[in-house]
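The block underneath contains the structure these notes are about, expressed in structure tokens.
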Amino acid sequence: MQLLTTERYLTLFNRFSPGSAAGMPIEATLDEVAETLFCTARNARLIVRKLEEEGLIEWRPGLGRGNRSQIVFRRDQEAYLLEIARGQAESGDYKQAFDLLETHGQGAETRESFLAWLNGQFGYRKEARGEGGRAMDALVFPINQQTSTLDPAELYYAMDAQIIRQVFDRLLHFDADGRRIVGGLAHHWTSGADATEWTFYLRKGVRFHDGRELTSADVRYTFERLRGATSNRWLMRGVAAIETAGTLVVRFRLHRPNRIFDRFVCSAAASIVQDGSGGTLGGGEWRGQPAGTGPFRLAPGTPFRIRLEANPDYFHGRPYLDRVDMIVMPDYCRSESFGVPADRHGADADPYSEATDDWQNIEQLCRGSTMLSMNLGRSGPQRSERFRQAVRMILDAGALIAEIGGDRAMPAYGFCPETSSAYEPTAYGEADIRAALQGAGYDGEPFRLSIHEKHRGDARWICDRLGRWGIRTELVVPSGGICGALDEGADGTLMNIVLAEDEVCEIETYEHESATLKRYLDPERMAWINGRIDEALAADTPDARRRIFRDIEGRLREEACVVFLYHRRLNTLLHPSVRGVVRLNALGWIDFKDVWMEQAE
């Protein structure tokens, strides 16, 4: 009721006294109030009385012929709006706060005032748990997008992977620093000599967030479900059978060798869910709060807030942080960084301001790249390899980085920075580009490029560069989904790929059901890629596997099926009180369970 009263007051203020100070008598009639609030005159009279009782307005009835009634607004519009919006945010209803600002805010100043206040609420802080209770350590920070799904089997985007890694756990973990696999829910594992049989031994006493103990039945259910009609069924490529041997042993039998199957089960998409929990899934999204075994449990949230609470019984040790709140900011807001890159999914954000002397500035290159993927499944100029080669020659990534800057760190010639560093690019001249376009028989047909809004800056640069050579580019911004639906009718898509788990994630870029490359490459190339992946999985050494993956990448680059553009720089600023294992993981986030605050109670 209070919020309804607030909205009515602000609506009337905007109608009768926009831009004016409070306290000024303004002529108004009950009929005009009724028209403004879309109600009857009788209801308008009741609303006016309610607003008077709340001390928000004074109504001065007009007495006598020709004397109009007057309304006096008692509260300054901007100050009152900010007060209510702050109250909504403090109560956790960020959606209502943002909606109020969007509907009733007059100009950018009101939003800026609210965001300045909100920015002060972000970061690491101590909060009283209650009378006589100990202080609670909380991390609150903004994010730019809502999650797409928290179902591991449907996982695709990096942000979803970060949340899933907090709520669930996996059989094994990949230690990126040590370049080795370590135990997770499984404390030991073995494989047969020919890598067609893998056995995992579970830890005793691991419990889901609802208190139920983890067993081999949960593991079998997870992977049997993954083998079904899920987006990540590629993880189960070659699996013939999944067997349990007692309550703590699970065995996988494969049709063909996979010497890195242990790396497959490190994937966040292979996170273990409870036996039978598929009944809580709908449309690929969790209903309610799923019970995992991870370091944090998912608490009830709101449309603009994701809340994680520490799991006191986590088998690897309780997190120091008691709570993590992620606030989903509306499109018109820029988020600052508190353990997450300022624009983790995009490349058009301004570069970070310099950290002050006492703040920790963490920086690293993203394992992945921004690139243009060509749609070979549709007719258009991109079907010509000579046209694609021309586009690759025109789009000089070094010039893009020099002209736009930001977090664009180095030209990309492959998925990962180390590949790009070792690659010797060929220098092309105008004659080479002209010959490629002539060889393609290009006749001016428009090139339809699908982009997400976050890539708008890159897209403008691409349009300008191609336009200089007579290639007219039509930009398409699909709607729907966390990053927009893939436009199957486009000739190409501008996209980011993040490789969180090296080889396994590289396979994902080809085999995930939502992967752009899987949907854009022609059947002949996809069949060749799948065959090479089988060879890589059977290879005896990491070097042999790496050569095969570089062969796949090299063919896509040289045939310009993919035009690699650049690698991004990931930055985050951390308060000087933050301690622990403070680094960015492969997804570009800090691991919440590994940090703590050096701060007085």
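If you're matching positions, the sequence shown starts at 1 in full-length UniProt numbering and goes up one per residue. A virtual CB, placed ideally from N, CA and C, is assigned to each residue, including glycine. Model, not experiment: these values are computed from the prediction.
Item, Value
"List the endpoints of the continuous beta strand (DSSP E) containing residue 57.", "57-60"
"Ends of the beta strand (DSSP E) at residue 205?", "Per DSSP, residue 205 belongs to no beta strand (DSSP E) and is neither H nor E."
"Within the continuous alpha helix (DSSP H) that includes residue 142, where are the two ends?", "Note, residue 142: premise wrong, no alpha helix (DSSP H); beta strand (DSSP E) at 135-143."
"Just how far apart, CA to CA, sit residue 342 and residue 18?", "The predicted position of residue 342 is uncertain, since its pLDDT is 41 and thus under 50; no value can be drawn from it."
"If we ignore side chains and look at the alpha-carbon of each, how far apart do residue 460 and residue 401 end up?", "13 Å"
"So, helix, strand or coil for residue 651, using DSSP?", "No answer is possible for residue 651: it lies beyond the span of the chain, which begins at 1 and ends at 601."
"Please state if the CB of residue 465 and the CB of residue 376 are separated by a distance shorter than 7 Å.", "no"
"Whole angstroms is fine: what's the gap from residue 346's alpha carbon to residue 455's?", "Only weak support is given to the placement of residue 346: the predicted model assigns it a pLDDT of 28, under 50, and the value that follows is read from those uncertain coordinates. Rounded to whole angstroms, residue 346 to residue 455 spans 6 Å at the Cα level."
"Considering only residues of the same chain and omitting the five flanking positions on each side of residue 373, which have a CB-CB separation below 7 Å?", "492, 493, 495, 516, 517, 520 and 562"
"Report the option in 442, 432 and 423 whose CA atom is closest to the CA atom of residue 553.", "423"
"Return helix, strand or coil for residue 239, following the three-state DSSP convention.", "strand"
"Hey, how far is the Cα of residue 609 from the Cα of residue 162?", "Because the chain in this structure spans residues 1 to 601, residue 609 falls outside the shown range and cannot be described."
"Taking C-alpha atoms, which residue in 381, 412, 409 and 114 lies nearest to residue 474?", "381"
"State the start and end residues of the unbroken alpha helix (DSSP H) segment that holds residue 528.", "523-538"
"Might you give, ordered along the chain, the residues of its own chain that have their beta carbon closer than 7 Å to the beta carbon of residue 15, omitting 5 neighbours on each side?", "36"
"Pick from 57, 92, 185 and 157: whose alpha carbon is nearest that of residue 317?", "185"
"List the whole-angstrom C-beta distance separating residue 560 from residue 388, where the pair is believed to meet the contact cut-off of C-beta under 8 Å.", "3 Å"
"What are the uninterrupted segments assigned as beta strand (DSSP E) that are 3 or more residues long and contained completely in the region 371-415, given in chain order?", "408-411"
"Counting Cβ pairs closer than 8 Å, one from the region 113-129 and one from the region 70-88, do we hit at least three?", "yes"
"Kindly confirm or deny that the region 522-535 and the region 198-207 touch, where touching means at least three C-beta pairs closer than 8 Å.", "no"
"Measuring alpha carbon to alpha carbon, tell me which of 138, 111 and 62 ends up nearest residue 319.", "138"
"Taking 7 Å as the limit between beta carbons, can you name the residues of its chain near residue 513, skipping five residues before and five after?", "231"
"Check whether the Cβ atoms of residue 324 and residue 592 sit closer than 7 Å, and answer yes or no.", "yes"
"Might you give, ordered along the chain, the residues of its own chain that have their beta carbon closer than 6 Å to the beta carbon of residue 313, omitting 5 neighbours on each side?", "207"
"Can you tell me whether residue 168 is helix, strand or coil according to DSSP?", "coil"
"For residue 159, name the three-state secondary structure that DSSP assigns.", "helix"
"Can you name, in chain order, every residue of its own chain whose Cβ lies under 7 Å from the Cβ of residue 240, other than the five neighbours on each side?", "253, 254 and 255"
"Looking at the secondary structure, which residues open and close the alpha helix (DSSP H) in which residue 99 lies?", "94-104"
"Tell me the DSSP bridge mates of residue 325?", "140 and 307"
"For residue 506, count neighbouring Cβ atoms within 10 angstroms of its own Cβ and tell me buried if that reaches 16, exposed if not.", "buried"
"Assuming residue 121 and residue 140 are in contact, meaning their beta carbons sit under 8 Å apart, how far apart are those beta carbons, in whole angstroms?", "6 Å"
"Return the chain-ordered list of same chain residues with a C-beta closer than 7 Å to the C-beta of residue 55, the five sequence neighbours on each side being excluded.", "74"
"What is the rounded straight-line gap between the Cα of residue 677 and the Cα of residue 302?", "Absent from the model: residue 677. The displayed extent of the chain is 1 to 601, so no value can be given."
"Considering only DSSP beta bridges, list what residue 454 is partnered with.", "None; residue 454 has no bridge partner."
"Quick check: what's the CA-CA separation for residue 246 versus residue 199?", "12 Å"
"Would a C-beta distance cut-off of 7 Å place residue 327 and residue 446 closer than the cut-off?", "no"
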